[in-house]
Amino acid sequence: MRLSELFFSTLRDDPGEAEMPSHRLLLRAGYLRQLGSGIYSLLPLGKRVSDRVEQVVREEINAIGGQEMEMPVVHPAEVWKESGRYFKIGPELVRFKDRGERDMVLAMTHEEVVALLLRDIVQSYRQLPMIVYHFQTKFRDEPRSRGGLIRVREFVMKDSYSCDLDDAGLDVNYKKHYVAYEKIFKRLGLDAIAVGADVGIMGGTGAHEFMVVNDFGEDTLVLCDSCGYADNQQIAIVGKPEPAAEDALPMEDVETPGATTIDALATFMGIPKSKTAKAAFFMTGDDRFVVAIVRGDYDVNETKLVNTVKARRGLRPATVEEIKARGMEAGYGSPIGARDSVVVVDELVMRSPNLVAGANRLGWHVKNVNVPRDYTPDHVAEITNAREGDPCPTCGAPIKLRQGIEVGNIFKLGTDFTNAFGSMYLGEDGERHPIVMGSYGIGLGRNVACIVEAHHDEKGIAWPDEVAPFAAHLVTIGAARDPKVLETAERLHRLAADAGRDILYDDRDESPGVKFTDAELLGMPWILTVSPRSLAAGGIELTRRATGERSTQPIEAVEGYLRSVFPIPIA
RNA sequence: CGGGGCGUAGCGCAGCCUGGUAGCGCACAUGCUUUGGGAGCAUGAGGCCGUCGGUUCGAAUCCGACCGCCCCGACCA
Numbered sequence: 032m033r034l035s036e037l038f039f040s041t042l043r044d045d046p047g048e049a050e051m052p053s054h055r056l057l058l059r060a061g062y063l064r065q066l067g068s069g070i071y072s073l074l075p076l077g078k079r080v081s082d083r084v085e086q087v088v089r090e091e092i093n094a095i096g097g098q099e100m101e102m103p104v105v106h107p108a109e110v111w112k113e114s115g116r117y118f119k120i121g122p123e124l125v126r127f128k129d130r131g132e133r134d135m136v137l138a139m140t141h142e143e144v145v146a147l148l149l150r151d152i153v154q155s156y157r158q159l160p161m162i163v164y165h166f167q168t169k170f171r172d173e174p175r176s177r178g179g180l181i182r183v184r185e186f187v188m189k190d191s192y193s194c195d196l197d198d199a200g201l202d203v204n205y206k207k208h209y210v211a212y213e214k215i216f217k218r219l220g221l222d223a224i225a226v227g228a229d230v231g232i233m234g235g236t237g238a239h240e241f242m243v244v245n246d247f248g249e250d251t252l253v254l255c256d257s258c259g260y261a262d263n264q265q266i267a268i269v270g271k272p273e274p275a276a277e278d279a280l281p282m283e284d285v286e287t288p289g290a291t292t293i294d295a296l297a298t299f300m301g302i303p304k305s306k307t308a309k310a311a312f313f314m315t316g317d318d319r320f321v322v323a324i325v326r327g328d329y330d331v332n333e334t335k336l337v338n339t340v341k342a343r344r345g346l347r348p349a350t351v352e353e354i355k356a357r358g359m360e361a362g363y364g365s366p367i368g369a370r371d372s373v374v375v376v377d378e379l380v381m382r383s384p385n386l387v388a389g390a391n392r393l394g395w396h397v398k399n400v401n402v403p404r405d406y407t408p409d410h411v412a413e414i415t416n417a418r419e420g421d422p423c424p425t426c427g428a429p430i431k432l433r434q435g436i437e438v439g440n441i442f443k444l445g446t447d448f449t450n451a452f453g454s455m456y457l458g459e460d461g462e463r464h465p466i467v468m469g470s471y472g473i474g475l476g477r478n479v480a481c482i483v484e485a486h487h488d489e490k491g492i493a494w495p496d497e498v499a500p501f502a503a504h505l506v507t508i509g510a511a512r513d514p515k516v517l518e519t520a521e522r523l524h525r526l527a528a529d530a531g532r533d534i535l536y537d538d539r540d541e542s543p544g545v546k547f548t549d550a551e552l553l554g555m556p557w558i559l560t561v562s563p564r565s566l567a568a569g570g571i572e573l574t575r576r577a578t579g580e581r582s583t584q585p586i587e588a589v590e591g592y593l594r595s596v597f598p599i600p601i602a
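Spelled out as structure tokens, the structure:
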């Protein structure tokens, strides 16, 4: 491919809207252009990278027996009504009407379609197990896209679906995906770690997310260096110190003007935050009022809280009016005297004697509150966030918190969808059973961005061989001065094509500085330089982009590299 | 949806406070010179100053509404 013909353009200055290195570099190097918030075009270079990522995923999913297919982007809403998700999912599911006034949706994912296909096609246990997958555009009207390709509204995802006779079969296919994902991310040059994850509102019996540690990541990971423990903070349950035993003292009101935060309260009272109780107020999607109580030195974990109160449609912070209406006072709140509320108390609070809690009166708190003596919990559960340095649940060493980007997930769906659609098979026992499903996603664009995050320097991108849009970037210097340069470059370009490789050939009449700078920005794994100087030194100069290592090789040797080292198949 | 910021040429920005019909750098076109690290000179093209409305003799500039984009938060099967 001649650079003079490539549809692209590099930018010398960083686009103003880009913050993450991957976003900046993909824009500057001409891989991407933005069309709207969270909506991007892939230019030819970007498309090539995405295709190569796709091919790696395809090979590994094929290797575990996946059968590739393709399912539609636009679905009749009836399908989503039948599974119930039409009503459970909020505005991120795009709904519209077709010309016949029929309700339609843009697919966010394809469990419904698979369950429907299973109902049509699978009759007998002999047809299972199996895995189907496809690469398809998804649209999710995210409340806020961000970070270039990290969180977008329209994106291509590989989603595979395993279909099994029973949970044991599901475990096998789940494990297969787990192992396939490890291979995929390794081949893509990503250090992904599998963390235990929340199963969300769809139920299911287990889930892992594959995470790449990155400061711009949206998830918080709980990691242990000494034993390898790793969970999403949403579900991580770590050790908590045993509070010192004390006799329960009688409650006592105390005036605390202006102490509306735990910090202010602890400072005012001259006590550690661990001697206070923090109240957080929420409304569930089905209009229940929830008071969550954790100790002042911890934060409420909303995922755990959602799961505890089974808030299928999530939680939102309660308003001051809603709090008042239940007999409580924001900033001075506690369940003492509360009404019409679901009271959820963290288990550590149950063990922590004589805490300072809100008096539900402006400017007042209560000392020596003990549960359940002073109020009655509806639920006692572990509902706090793990903190940096807390003891690891498996080995006790201090845990670390890191931000992470989810590059893939695997999810044991179970039978929710197949029950909803009546996707049954007739078993060996002569009975009808629901098919057991798993679903497994990998977002292509997000992976491309994460690869750049992991493989770049100040000058630009440095693609791993496995995903580079071209194996090499051929630069000519002084072609006008020395016809041998042009001749050699043309020959090399042709040789590469003959060898079944395509390389990017900078045939532009630009200064050496411009060509080198662009080559380093675009990030092909090898930069090949042909110039009077290199010819005098015996051939072509090879530079490894990632390391800067250089050597000069005769053209025949470069042909050898093209055949063996550069692993790019012809487009 | 709450908070903050920004919309002026392909990209990065100035001009706005104090109204007088738009400017700089890069990129682009043509010519000459230059050619191992973002070249030089000359000439040139490119803008409904996000949109609509208002104030004014006159609006990129002042006022209002709306739209769009970015960041933080909420959200994230």
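Mapping of the first sequence onto our numbering: position 441 corresponds to residue 472, and the numbering continues sequentially without gaps. Beta carbons: idealized from backbone N, C-alpha and C, even for Gly.
query, result
"Give me whichever residues DSSP pairs with alanine 297 in a beta bridge.", "For alanine 297, which the question treats as bridged, DSSP gives no partner whatsoever."
"Return yes when the Cβ of isoleucine 482 is within less than 9 Å of the Cβ of arginine 603, no when it is not.", "The structure shown has nothing for residue 603, since the chain only spans 32 to 602."
"Is it right to say aspartate 537 is buried, meaning 16 or more other beta carbons lie within 10 angstroms of its own, or is it exposed?", "buried"
"Leaving aside the five residues before and after alanine 520 along the sequence, list all residues of the same chain whose C-beta is less than 8 Å from its C-beta, in chain order.", "Leu505, Thr507, Ala510, Tyr536, Asp538 and Val561"
"Suppose only complete runs of 4+ residues qualify. What are the alpha helix (DSSP H) ranges in the stretch 105–133, listed by chain order?", "108–114 and 116–119"
"To which residues does DSSP link tyrosine 536 through a beta bridge?", "Arg33 and Leu505"
"Go ahead and pull the three-state DSSP assignment for valine 375.", "strand"
"Can you round the beta-carbon distance between lysine 490 and glutamate 551 to whole angstroms, since I take them to be within the 8 Å contact cut?", "4 Å"
"Would you please state the rounded distance, in angstroms, between the beta carbons of phenylalanine 442 and serine 114? I believe it to be under 8 Å.", "Contact flag wrong, Cβ pair sits at about 15 Å."
"Could you tell me how far apart the beta carbons of valine 244 and cysteine 423 are, in whole angstroms, since I believe they sit closer than 8 Å?", "Not really, about 17 Å apart at Cβ, beyond 8 Å."
"Beta-carbon separation of methionine 455 and glutamate 142 under 9 Å?", "no"
"Use the C-beta contact count for glutamine 264: other C-beta atoms within 10 angstroms, 16 or more gives buried, fewer gives exposed.", "buried"
"DSSP has alanine 311 in a bridge; who is on the other side?", "Ala323"
"Distance, Cα to Cα, alanine 308 vs valine 145?", "48 Å"
"With glycine 445 as the anchor, note down where its beta strand (DSSP E) starts and where it stops.", "431–445"
"Give a yes or no on whether the C-beta atoms belonging to valine 375 and alanine 349 are separated by under 9 Å.", "no"
"For tyrosine 329, which residues in the same chain have their Cβ closer than 8 Å to its Cβ, ignoring the five residues on either side in sequence?", "Lys309, Asp377, Leu379, Thr415, Asn416 and Arg418"
"Determine the DSSP secondary structure at tyrosine 592, reduced to helix, strand or coil.", "helix"
"Going by DSSP, what residue range makes up the alpha helix (DSSP H) through arginine 418?", "It is not in any alpha helix (DSSP H) - arginine 418 carries neither H nor E in the DSSP assignment."
"State yes or no: is the C-beta of cysteine 194 within less than 9 Å of the C-beta of leucine 137?", "no"
"Per DSSP, which residues does alanine 28 bridge with? Please list them.", "What is shown of the chain runs 32 to 602, which leaves residue 28 out entirely."
"Do leucine 73 and aspartate 549 come within 9 Å of each other at the CB atom, strictly closer than that value?", "no"
"Going straight from the alpha carbon of glutamate 173 to that of lysine 306, what length do you get?", "40 Å"
"Counting only the same chain and skipping the five closest in sequence on each side, list residues whose C-beta sits under 7 Å from that of aspartate 284.", "Ala390, Trp395 and Val397"
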